[in-house]
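Below you'll find the structure, written out as structure tokens, and then a few comments.
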Amino acid sequence: MLTDEVLQAIAQSFYSFDVEPEADIYRQGQSAIGLYFLKWGSIEIYRQSPVGRTHMRYRSAGEIFGYTPLVSAAAVPHYPASALALIKSSIWLLKREDFERLVRDYPTIQAPINQLLAQDLAQFSQRIAWEQTRIQGLQRYLQPVPRNAPLLEQSKAAVKVEKLIQIAVSDIKPVVLQGAARTGKSFISGYIHAHSGLKQHPFAELDCAQLPRDQAVLYSLICCLALGRRGMCRGRGKGRLDCWNC
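Here it is in structure tokens:
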């Protein structure tokens, strides 16, 4: 437990600022400038991987984050993950040089930081192991996403399709595309994905007709590997699969 004197010294060293939703506080690989205290709001800690963004954990009001590199032995410490504001948030920053000065003046600060590091290290190791399994399971289903490719010609039909795609991008309802083979269904699906709120996540394509018939295998494939959460799957007829709690 830190004394009132130590807490007062820490409080006097903070710099306050506000961030808007979807704003980066720091990015993975960026030189560490200090640690952060979340006064109010919600923060997501995540890492980039070959298949998109990997969620590490959330930070809520009253929690600190970004402290890991400040106690490393590196000459120029870097943040091992990124921090993103999910909603408008108010944050206090304790700069690296101020943190080092406080640790010299008040060595008792080191103990609670070490406790937090031990907790984060265990969780970090679990998430990395899970991500490796997820990458291996998704690899055969991943598809490239068209990011800068033009959508369609400016015919009446093309304009209508583009309007429907814009609606699909802003909605979370399922989209059904019907057409013969090689008519651009994967391209349009990827285009919708690339412009949606899920663009940070991988775009995978599964052929239901080629999925294994074993329900246990389906459960492992879809719920555990693709979605990363436990759930249930049940066949609902040819080409249809219902999943819940996934």
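The numbers in the sequence shown follow our numbering, run straight up by one, and end at 421.
The beta carbon of each residue, even a glycine, is placed where N, CA and C say it ideally should be.
Secondary structure at residue i, three-state DSSP: helix, strand or coil?
| i | result |
| --- | --- |
| L259 | strand |
| F189 | coil |
| K338 | helix |
| V246 | helix |
| S345 | coil |
| V278 | helix |
| R302 | helix |
| L400 | The predicted model places L400 with a pLDDT of 45, which falls under 50 and marks its position as unreliable; any figure quoted below should be read in that light. L400 falls in the helix class under three-state DSSP. |
| M176 | coil |
Exposed or buried, what is residue i when buried is set at 16 or more other beta-carbons lying within 10 Å of its beta-carbon?
| i | result |
| --- | --- |
| H368 | buried |
| A304 | exposed |
| L169 | It is not possible to answer for residue 169, since the shown part of the chain is limited to 176 through 421. |
| T308 | exposed |
| I200 | buried |
| M176 | exposed |
| T229 | buried |
| T243 | buried |
| Q187 | exposed |
| A293 | exposed |
| G354 | exposed |
| S364 | buried |
| E306 | buried |
| I342 | exposed |
| A258 | buried |
| L213 | buried |
| R202 | exposed |
| Y233 | exposed |
| F192 | exposed |
| G359 | exposed |
| G241 | buried |
| V357 | Note that residue 357 is Arg in the sequence shown here, rather than Val. Under this definition R357 is an exposed residue. |
| R302 | buried |
Who pairs with residue i in a beta bridge, going by DSSP?
| i | result |
| --- | --- |
| T229 | R222 |
| L182 | According to DSSP, which records beta bridges pairwise, L182 is partnered with nothing at all. |
| G209 | K270 |
| R234 | I218 |
| V194 | S264 |
Which two residues bound the contiguous alpha helix (DSSP H) that contains residue i?
| i | result |
| --- | --- |
| S364 | 360-369 |
Could you tell me how far apart the beta carbons of residue i and residue j are, in whole angstroms, since I believe they sit closer than 8 Å?
| i | j | result |
| --- | --- | --- |
| I208 | S264 | Incorrect: roughly 17 Å between the Cβ atoms, too far for contact. |
| L268 | Y190 | 5 Å |
| I262 | G216 | 6 Å |
| L245 | L210 | 6 Å |
| A260 | M231 | That belief does not hold up - the Cβ atoms of A260 and M231 are roughly 15 Å apart, past 8 Å. |
| I185 | L277 | 6 Å |
| H253 | S206 | 6 Å |
| S361 | E337 | That pair is no contact at about 17 Å. |
| I266 | V181 | Actually they are not in contact, since the Cβ atoms of I266 and V181 sit about 21 Å apart, beyond 8 Å. |
Residue i lies in the beta strand (DSSP E); which residues open and close that run?
| i | result |
| --- | --- |
| I284 | No beta strand (DSSP E) holds I284; DSSP gives it neither H nor E. |
| Y201 | 199-201 |
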